[in-house]
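What follows is one structure encoded as structure tokens, with my remarks underneath.
Number of protein chains: 2
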Amino acid sequence: MPDLPTILARLDREGLRLTAPRRTVVSAILGWAEPFTSAELWTVIQVQAPTIGRATVFRTLDLLVRLGFVQRIHDDAEGGRCHAYLACDTGHHHHLICSACGNVTDFVETPAFAEVVRAVEGQTAYRIEGHRLELIGRCPTCQAGGPP
Amino acid sequence: MPDLPTILARLDREGLRLTAPRRTVVSAILGWAEPFTSAELWTVIQVQAPTIGRATVFRTLDLLVRLGFVQRIHDDAEGGRCHAYLACDTGHHHHLICSACGNVTDFVETPAFAEVVRAVEGQTAYRIEGHRLELIGRCPTCQAGGPP
DNA sequence: CGCTAGTTGATACGTAGTATCATAAAAAGC
DNA sequence: GCTTTTTATGATACTACGTATCAACTAGCG
Numbered sequence: 004m005p006d007l008p009t010i011l012a013r014l015d016r017e018g019l020r021l022t023a024p025r026r027t028v029v030s031a032i033l034g035w036a037e038p039f040t041s042a043e044l045w046t047v048i049q050v051q052a053p054t055i056g057r058a059t060v061f062r063t064l065d066l067l068v069r070l071g072f073v074q075r076i077h078d079d080a081e082g083g084r085c086h087a088y089l090a091c092d093t094g095h096h097h098h099l100i101c102s103a104c105g106n107v108t109d110f111v112e113t114p115a116f117a118e119v120v121r122a123v124e125g126q127t128a129y130r131i132e133g134h135r136l137e138l139i140g141r142c143p144t145c146q147a148g149g150p151p
Numbered sequence: 004m005p006d007l008p009t010i011l012a013r014l015d016r017e018g019l020r021l022t023a024p025r026r027t028v029v030s031a032i033l034g035w036a037e038p039f040t041s042a043e044l045w046t047v048i049q050v051q052a053p054t055i056g057r058a059t060v061f062r063t064l065d066l067l068v069r070l071g072f073v074q075r076i077h078d079d080a081e082g083g084r085c086h087a088y089l090a091c092d093t094g095h096h097h098h099l100i101c102s103a104c105g106n107v108t109d110f111v112e113t114p115a116f117a118e119v120v121r122a123v124e125g126q127t128a129y130r131i132e133g134h135r136l137e138l139i140g141r142c143p144t145c146q147a148g149g150p151p
């Protein structure tokens, strides 16, 4: 994820206001490497700036999702709830979620993926416009640690 | 999706009971080609058998997801809520969602997908165990209809 | 400074799903 | 067919997550 000034500059460019609550929420998210739920974020915000309303947290989260600084991920595999959020770079990429520790790693698309898309287009006559790919696996650390 | 007797036989094999509410919920889902929300299902159930409780619908839905007769899909692309459900065959496959009409088509993995997985394993040192792939595109009908 | 439109926080509301628990009813045994 | 045991059910209440509303506030601009 880019740093605070970069994000603020982006907000500015979009004609959005750089308010104190937004700065607070954005910096709370910054550097959050693992996925987080809205509840976790809200807890942190309440400690850092108790005056900020819950609605504002959701609104800012939404804003960042729209601008591509945050992605929604779907972790129902882990018995958790559906939505979690994840700070990320703006470049298009996908997530690799460790089934043991829940860590999320980014990976970029390999050329082979374009072939998959072409094959499916041939198979179904759809024109593919976008995709969502999440891989679940075991990270090197958890592989070393043996099965839990 | 298999037919009712097949599903009931499967329940039986799992040591689960073939109760009237389960039969009702399963047949309501059967043949539902498009994705549906729990609310839609609940509405239908209420008409067909008003005595069935909401909790039972959720429990049966959960059961079918565990047995692989129903999948959860994530359609936040369509401005809808996160979860929808989709009756499906037990074979492993993925969903192709039309961005215009919301129709869902199944497709099976192409060989190229295995290559993608291998590439990512090389890139990240993860051992890949599973994946979730959803493609978003435009179905032949909506392509013909021109942009909405 | 003073204006104005974009934001905010409080509150209420809505929806999806879960927990609890007394009751009902399948399946298994007789 | 009747009894027992175990599972499932329905009512209800509850939680989590998110949205709508709206008066009050404030960033950014001239």
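As you go down the protein sequences, you meet chains U and A in turn. Using the numbering used here, the first residue of the first sequence is number 4, and each one after it goes up by one. Using the numbering used here, the first residue of the second sequence is number 4, and each one after it goes up by one. No residue lacks a Cβ here, since even glycine has one placed at the ideal position from N, Cα and C.
Practice task
Say whether chain U places a C-beta atom closer than 8 Å to the C-beta of R135(A).
Solution key: The count along the second sequence starts at 1 and reaches residue 135(A) at position 132. Yes, because at least one Cβ of chain U sits closer than 8 Å to the Cβ of R135(A).
Exercise for the section: Take A36(A) as the anchor and find which of E118(A), I10(A), D109(A) and I139(A) has the nearest alpha-carbon. Expected result: Locating residue 36(A) in the second sequence gives position 33, counting from the first residue. It is D109(A).
Practice task
Could you check what DSSP says for E112(U) in three-state terms: helix, strand or coil?
Solution key: Along the first sequence, read from residue 1 onward, the residue named residue 112(U) stands at position 109. In this structure, E112(U) counts as coil in the three-state DSSP scheme.
Exercise for the section: Could you pull out every residue in the same chain whose Cβ sits closer than 8 Å to the Cβ of V68(U), ignoring the five residues on either side in sequence? Expected result: Here residue 68(U) refers to the residue found at position 65 of the first sequence. Around V68(U): Q74, R75 and Y88.
Practice task
Return helix, strand or coil for L138(U), following the three-state DSSP convention.
Solution key: Counted from its first residue, the first sequence places residue 138(U) at position 135. Looking at L138(U) - three-state DSSP - the assignment turns out to be strand.
Handout entry: Three-pair Cβ contact test at 8 Å for the region 6-21 of chain U versus the region 45-57 of chain U
Key = No, because fewer than three Cβ pairs between the region 6-21 of chain U and the region 45-57 of chain U fall closer than 8 Å, the two stretches do not touch.
Problem - Residues near F116(U) by beta carbon distance below 7 Å, same chain, minus five either side - result: In the first sequence, counting from the first residue as 1, residue 116(U) sits at position 113. If we look at F116(U) and ignore the five residues flanking it on each side, it has no Cβ neighbours.
Handout entry: Residues of its chain near E17(A), where Cβ-Cβ distance is below 8 Å and the 5 sequence neighbours each way are ignored
Key = Along the second sequence, one-based indexing puts residue 17(A) at 14. Sequence-distant Cβ neighbours of E17(A) in its own chain, meaning closer than 8 Å and more than five residues away, are L70.
Handout entry: Where L70(U) falls: helix, strand or coil (DSSP)
Key = By one-based count along the first sequence, residue 70(U) stands at place 67. Shown here, L70(U) sits in a helix according to DSSP, grouped into three states.
Practice task
Kindly say whether P143(U), judged by its beta-carbon, lies nearer than 8 Å to any beta-carbon of chain A.
Solution key: Residue mapping note: residue 143(U) aligns to position 140 of the first sequence, counting from 1. Yes, P143(U) lies at the interface with chain A (some Cβ there is under 8 Å from its Cβ).
Exercise for the section: Label H98(A) either buried or exposed according to how many other C-beta atoms from any shown protein chain fall within 10 Å of its C-beta, with 16 as the threshold for buried. Expected result: Residue numbering aside, residue 98(A) sits at position 95 when the second sequence is read from its first letter. By the 10 Å Cβ count, H98(A) comes out buried.
Exercise for the section: Kindly indicate which residue of T127(A), V111(A), G140(A) and V29(A) has the alpha-carbon position closest to the one of S60(A). Expected result: Reading the second sequence from its first residue, position 57 is the one you call residue 60(A). In the sequence as displayed, the identity of residue 60(A) is Val instead of Ser. Measuring from the Cα of V60(A), the nearest candidate turns out to be V29(A).
Handout entry: 8 Å Cβ cutoff, E81(U) in contact with chain A
Key = If you number the first sequence from 1, residue 81(U) lands on position 78. Legend: pLDDT at E81(U) = 41, less than 50; position of this residue unreliable, no value from coordinates given.
Handout entry: Interface partners of Y88(U) on chain A, CB under 7 Å
Key = Stepping through the first sequence from its first residue, residue 88(U) is reached at position 85. Correct list: empty, because the minimum Cβ distance to chain A is about 12 Å.
Exercise for the section: Kindly list, in the order they appear in chain A, the residues whose Cβ is closer than 8 Å to that of R130(U). Expected result: In the first sequence, residue 130(U) corresponds to position 127, counting from 1. Close partners of R130(U) in chain A (Cβ separation under 8 Å): G140, R141 and Q146.
Problem - Residues near P53(A) by beta carbon distance below 7 Å, same chain, minus five either side - result: Position 50 of the second sequence holds residue 53(A). Taken in chain order, the list of residues that qualify is empty.
Problem - Spatial neighbours of E124(A) in its chain, beta-carbon cut-off 6 Å, leaving aside the 5 residues before and after - result: For the purposes of this step, residue 124(A) is taken as the residue at position 121 of the second sequence. Contacts found: I131.
Handout entry: Reduced DSSP secondary structure (H/G/I, E/B, other) of L99(A)
Key = Position 96 of the second sequence holds residue 99(A). Three-state result, L99(A): strand.
Practice task
Would you identify the three-state DSSP class for G125(A), choosing helix, strand or coil?
Solution key: On the second sequence, position 122 is the one that residue 125(A) refers to. G125(A): helix per DSSP, three-state reduction.
Practice task
In angstroms with no decimal places, state the Cα-to-Cα distance between F72(U) and D65(A).
Solution key: Locating residue 72(U) in the first sequence gives position 69, counting from the first residue. Locating residue 65(A) in the second sequence gives position 62, counting from the first residue. In this structure, the straight-line span from the alpha carbon of F72(U) to that of D65(A) is close to 33 Å.
Problem - Same chain, Cβ closer than 7 Å to F39(U), five either side skipped, listed in chain order - result: Counting from 1 along the first sequence, the entry for residue 39(U) is found at position 36. Shown here for F39(U): same chain residues with a beta carbon closer than 7 Å to its own, the five before and five after excluded, namely A87 and Y88 in chain order.
Handout entry: Check whether T113(U) and A122(A) have beta carbons under 8 Å apart
Key = Position 110 of the first sequence, counted from the first residue, corresponds to residue 113(U). Position 119 of the second sequence, counted from the first residue, corresponds to residue 122(A). The Cβ atoms of T113(U) and A122(A) sit closer than 8 Å to each other.
Handout entry: Opposing strand residues paired with L152(U) [DSSP bridges]
Key = No information on residue 152(U) is available, as it lies outside the stretch 4 to 151 that chain U covers here.
Practice task
Could you work out which residues of chain U lie near F110(A), taking near to mean beta carbons separated by less than 7 Å?
Solution key: The residue you call residue 110(A) lines up with position 107 of the second sequence. Per Cβ cutoff of 7 Å: V123, Q126 and T127.
Practice task
Specify, as a first and last residue, the run of the alpha helix (DSSP H) that A52(U) falls within.
Solution key: Along the first sequence, one-based indexing puts residue 52(U) at 49. Neither: A52(U) is in no alpha helix (DSSP H) and is coded neither H nor E.
Practice task
For L99(A), return the contacting residues in chain U, with the cut-off set at a CB-CB distance below 7 Å.
Solution key: Position 96 of the second sequence, counted from the start, is the residue given in the question as residue 99(A). In chain order: V123, T127 and Y129.
Handout entry: Alpha carbon of G140(U) to alpha carbon of G133(A), nearest angstrom
Key = What you label residue 140(U) is simply residue 137 of the first sequence in a count that begins at 1. What you label residue 133(A) is simply residue 130 of the second sequence in a count that begins at 1. Going by C-alpha positions, G140(U) is about 6 Å away from G133(A).
Practice task
Please report how far the alpha carbon of I100(U) lies from the alpha carbon of G34(A), in whole angstroms.
Solution key: Indexing the first sequence from 1 puts residue 100(U) at position 97. Indexing the second sequence from 1 puts residue 34(A) at position 31. The alpha-carbon separation between I100(U) and G34(A) amounts to approximately 33 Å.
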